[in-house]
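Here the sequence shown is numbered in my numbering, starting from 1 and rising by one per residue. Ideal placement from N, C-alpha and C gives every residue a C-beta, glycine not left out.
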Amino acid sequence: MNPGASDDPGATLREYAPGQKVFGRYTLRKILGRGGMGIVWLARDEELERDVALKFLPDLVVLDKALLNDLKRETRRSLELTHKNIVRIHDFVNSDTSACISMEFIDGDTLSNLRAEKEGKVFQPDEIAAWTSQLCDALAYAHHDARIIHRDLKPANLMVNQKGDLKVSDFGIARSLGDSMSKLTLASAGTSGTLVYMSPQQFDGERGTHLDDIYSLGATLYDILTSKPPFYSGNLDKQIHERPAPPMTERRKEFNLEPAHVPPVWEETVAACLAKDPAHRPQSAMEVAQRLGLSGSPSGIATAHLGKRSWRPVLVASGIAALLLLIVGGWYLSARWRAPVATKVEAPAPQAAASKSVAVLPFENLSAEEENAVFAGGVHREVLSDLAKIAELKVISRTSVMRYQAGTAHNVKDIARELGVAYVVEGSVQRAGERVRVTAQLIDARTDTQLWGETYDRQLADVFAIQSEIAQKISAQLGATLSPHERTVVASKPTQNIKAFEDYIRARALMETLTINFAYGDNMTKAAGYLEQAVAKDPQFALAYSALAEAKVHRARHTEKGGPEDLVEAEAALEKAHQLAPEAGETRFAQALYEYYGELEFNRALGTLEVAARALPNNAEIYKLRGLIERRLGRWQESLRHFQRAIELDPKDAEAYRLAGLGAYALRQYPEGLRILEAAIAALPSEEDAFRAQKCFLTGAQSGPEAARSELEKIGRKDTFFAAWMAFYIPFYERNYAEAEQALENFPRAGAMRHPMLASFAVASDTVEQRRASLQAALAGYEEELAKPSPGPDVLISCALLQAALGNKTEAIRVARRGVELYPVNKNALDGTYLLKTLASVYTWTGEEEAALELLSDLVKMPNALGATELALDPGWDNLRDDPRFADLVAESARPIE
């Protein structure tokens with residue numbers, strides 16, 4: 001450690017000078033500031049050609065690996081913050097001796113400095129009204145959309161740029177760094193720069209909530225308007241915990257400030273923010289803005305107001321149709337509920353490209369024979385696959401790059417911007433007899449210049465060596481260092497048999513058709529056929545065996561044609577893959593897929609995926625499967641983050657957007673879900689109808705039936721599953737049963753997905769007797785499945801609801817309870833919540849209101865269980881509405897999941 005640095009927690013491990021280049025990319029210009037959190041430099045990011053602020057972190061962070069890792073995690077979360085009034089975090093970089101955070105450079109000054117320059121060192125309320133509105137907007141977005149709290153809000157962390165706009169700095173960073181620094185400075189100096197803005201709860205080290213930021217917001221406004229924070233000398237501990245803050249007018253008189261008077265609305269609002277009890281503070285930043293009468297409303301907040309029963313029809317997701325694993329609806333049917341105002345959601349701007357990021361575009365087939373297109377596709381796939389195994393690179397998945405077909409006119413800069421990369425690889429393949437010519441070039445998309453290019457003219461048998469060479473040359477150009485294991489893997493040949501390789505490529509292309517319209521059943525069967533041909537031609541072809549296991553698992557679990565025999569065949573293929581290549585990432589991924597779908601061993605599958613991810617660091621499918629598993633385990637926040645990472649690696653993957661949108665819905669993060677779906681529409685305009693159909697769920701959940709209908713009207717194709725699903729639920733929850741009945745008749749899928757709809761419709765429309773024969777026939781169709789030791793969740797849900805609709809109370813409760821026992825939430829959070837909701841519905845329909853209310857009191861706290869819209873507005877809960885406890889449940893279910 002440097003002499004003299006040990007006594008100063010804000011010191012860095014080494015002294016820097018203007019003009020010095022650090023971390024290989026930043027040229028230092030001048031010091032912007034020093035403080036307890038470190039030194040901030042203005043620097044030039046030479047790679048991305050922009051000015052940045054570099055916050056060098058103090059010694060205690062660099063030397064404390066646990067703290068360093070915590071801060072890395074917090075920084076990764078803060079990368080998601082893209083609000084106009086929040087300073088953007090770009091990156092976290094570190095070496096053995098230094099660490100810094102790269103962030104947006106704000107050409108301006110802090111509010112604390114601007115206040116110090118004012119006469120009397122204070123602002124007047126009218127001078128800070130616009131800034132306060134912007135601050136509330138930023139906090140509302142962070143708290144309710146991004147789910148991040150600041151924990152160090154103060155005038156010194158509020159910047160004003162040359163345009164006069166306020167920017168909040170250090171968002172997401174203070175949570176880990178600030179706590180440790182506060183402890184250090186408290187121990188050494190009695191107080192810290194942030195202590196005087198802390199809530200009593202934060203002072204005591206309690207788990208942080210957004211209400212701590214509300215307190216700090218009040219303390220910040222108090223400081224700006226009076227020149228001092230509420231408590232600034234003496235026994236701060238006692239004052240913060242026990243003493244009310246003096247009125248600001250009284251404080252201004254004490255300091256002889258003119259005018260002394262502070263408008264009552266500012267006095268009352270700031271005093272409310274400074275309440276000792278968090279429950280007595282404004283419950284959101286939006287509420288602060290509203291109390292102050294500031295124009296505009298913070299973005300991204302959808303608060304619901306409970307009032308008298310209006311019975312205005314609004315759409316809600318049926319608690320009865322809980323079986324759907326792919327769709328969890330959210331609709332408003334007003335009962336003690338008013339839909340919140342719609343929030344405008346804009347698609348996010350494309351990400352800034354990482355310095356070692358690349359997209360390998362499809363290689364052009366220059367052969368005279370069209371059938372050689374398969375071979376050209378195989379060369380492209382293997383080059384991409386080899387690069388994707390290099391951990392230092394970010395490589396866009398094949399699903400996304402295949403949108404840019406070879407031989408068509410395209411702009412490299414536009415493609416790179418859409419995919420979030422700095423570099424693009426283009427190439428061509430020409431095959432003639434036993435000769436092959438492969439051309440590849442690496443382009444820096446930022447400057448549209450070729451960095452490297454080469455043509456390989458060799459024997460056909462050398463094609464795999466060519467692919468490996470190309471991958472290694474590109475990685476070298478990008479400055480990536482391959483580990484010995486990566487070098488071995490990239491140099492390996494998948495097979496010696498070109499014909500087997502072509503069969504494998506055909507199969508992989510078919511397997512990439514897993515989309516949200518479920519139109520891939522036949523393709524999985526065809527893919528399995530090609531892979532069986534491949535392993536017949538080369539019994540040592542490990543990749544083909546692992547792909548065969550994947551295809552069989554997908555066929556068994558996702559298609560009507562699949563069955564248990566497919567899982568048996570998948571296990572056999574997997575065993576062969578393990579014999580040939582036990583450490584291959586593809587083998588491990590296929591194993592995890594089988595453990596997840598075939599054995600329902602979620603924890604084991606997650607462990608297997610951890611191993612697979614080390615071998616396949618750029619595989620978006622791994623992150624999607626991780627997301628699926630995490631939600632089964634009840635870890636929905638982690639699940640959503642994995643889906644979002646999958647989108648980053650495969651920004652044209654429709655399924656990843658769909659899953660991320662559903663993840664945000666499950667957490668009641670409706671604005672985030674809408675943002676994801678808007679991004680999906682922008683990225684995949686050809687899939688717009690499907691995403692608009694899904695968007696109706698979130699629009700309904702956030703803004704009510706009119707907005708949901710508006711989204712439905714924007715859908716071109718009304719015959720898709722999602723659109724048909726919504727075409728039923730909109731009129732059903734508007735209690736327009738004639739229209740709902742017609743939609744039910746037109747619903748494209750029979751069986752498990754339709755029968756809960758049929759049961760709920762019969763009960764709600766009071767037509768059970770007219771439909772008794774249909775209900776009984778539907779129930780009879782499940783007899784064989786229900787007799788099995790472990791019927792599927794969809795079978796149990798359908799049977800329980802059909803029995804309840806028919807009035808068979810004892811049997812309905814028995815079947816529903818059996819489902820809860822077979823699929824407990826602590827072992828299967830996804831199916832478990834659906835079955836708990838089914839049991840609650842059965843209790844409600846059969847007159848067991850007390851049991852229903854008790855169960856609902858737990859469900860409202862669970863992700864993916866019940867939102868306020870579903871509870872307040874679904875006709876299935878009508879029997880509970882007169883109980884005063886029901887309104888409390890609706891209020892609880894309105895809160896986003898922590």
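Between the C-alpha atoms of residue i and residue j, what's the straight-line distance to the nearest angstrom?
i    : j    : result
K65  : E848 : 55 Å
Q351 : R417 : At Q351, the pLDDT of 44 sits below 50, so the modelled position is not reliable and the matter cannot be decided from this model.
Q20  : A829 : 53 Å
V611 : A592 : 10 Å
L294 : A130 : 8 Å
A476 : F691 : 40 Å
G205 : M198 : 10 Å
A116 : E47  : 37 Å
A260 : G218 : 19 Å
E532 : V374 : 18 Å
T399 : K624 : 13 Å
P264 : D874 : 43 Å
L822 : E854 : 21 Å
D8   : L57  : Since pLDDT at D8 reaches only 38, below the 50 mark, its modelled position is unreliable, and the value read off the structure follows with that caveat. Straight-line Cα distance between these residues: approximately 12 Å.
F541 : A683 : 36 Å
D223 : P155 : 8 Å
K499 : E811 : 58 Å
D179 : L153 : For D179, the pLDDT reaches just 49, beneath the cut-off of 50, and the residue's location in the model is therefore unreliable, leaving the point undetermined.
L139 : A285 : 6 Å
A804 : A887 : 25 Å
L32  : L543 : 54 Å
S112 : L158 : 8 Å
Per DSSP, residue i is paired with what?
i    : result
V568 : Looking at the DSSP assignment, V568 forms no beta bridge with any residue, so it has no partner.
G427 : A440
C100 : F56, V93
Q450 : I443
M753 : Its beta-bridge partners do not exist; DSSP assigns none.
Q459 : R435
N357 : One point to set straight first is that residue 357 is Ser, not Asn, in the sequence displayed. Answer by DSSP bridge pairing, in chain order: K394.
Does the Cβ-Cβ distance between residue i and residue j come in under 8 Å?
i    : j    : result
D91  : S102 : yes
A43  : R29  : yes
L54  : Y26  : yes
P663 : G627 : For the sequence presented, residue 663 should be read as Gly rather than Pro. Contact: yes.
V87  : E104 : yes
L510 : K526 : yes
A271 : A245 : yes
K121 : S227 : yes
Q467 : G453 : no
Y597 : V568 : no
R435 : T455 : no
L880 : A852 : yes
Under a Cβ-count criterion, where at least 16 other Cβ atoms within 10 Å of its own Cβ denotes burial, should residue i be classed as buried or exposed?
i    : result
N618 : buried
P863 : buried
P896 : buried
E382 : buried
L889 : buried
N746 : exposed
S310 : Residue placement at S310 is flagged as unreliable, the pLDDT there being 28, under the threshold of 50; the coordinate-derived value follows with that caveat. Exposed, by the Cβ-count rule.
A536 : exposed
A679 : buried
T901 : For the chain, the structure presents residues 1 to 898; residue 901 sits outside this window and is missing.
L384 : buried
For residue i, which option in the options has the closest C-alpha, if you only look at C-alpha atoms?
i    : options                : result
Q474 : G700, R458, L451       : A quick correction: the sequence has Ile, not Gln, at residue 474. For the residues G700, R458, L451, the minimum Cα distance to I474 belongs to L451.
I39  : E49, A17, G792, E47    : A17
T439 : C136, H380, G585       : H380
F501 : V463, D522, Q579       : V463
W877 : K861, E892, L856, E599 : L856
R50  : L71, S95, V93, I106    : I106
Y737 : F602, K718, M757, K576 : M757
A865 : A777, L236, E687, R668 : R668
Nearer than 7 Å: is that true of the beta carbon of residue i relative to any heavy atom of the ligand MG?
i    : result
V795 : Ligands displayed in this structure: none; no statement on the ligand MG is therefore possible.
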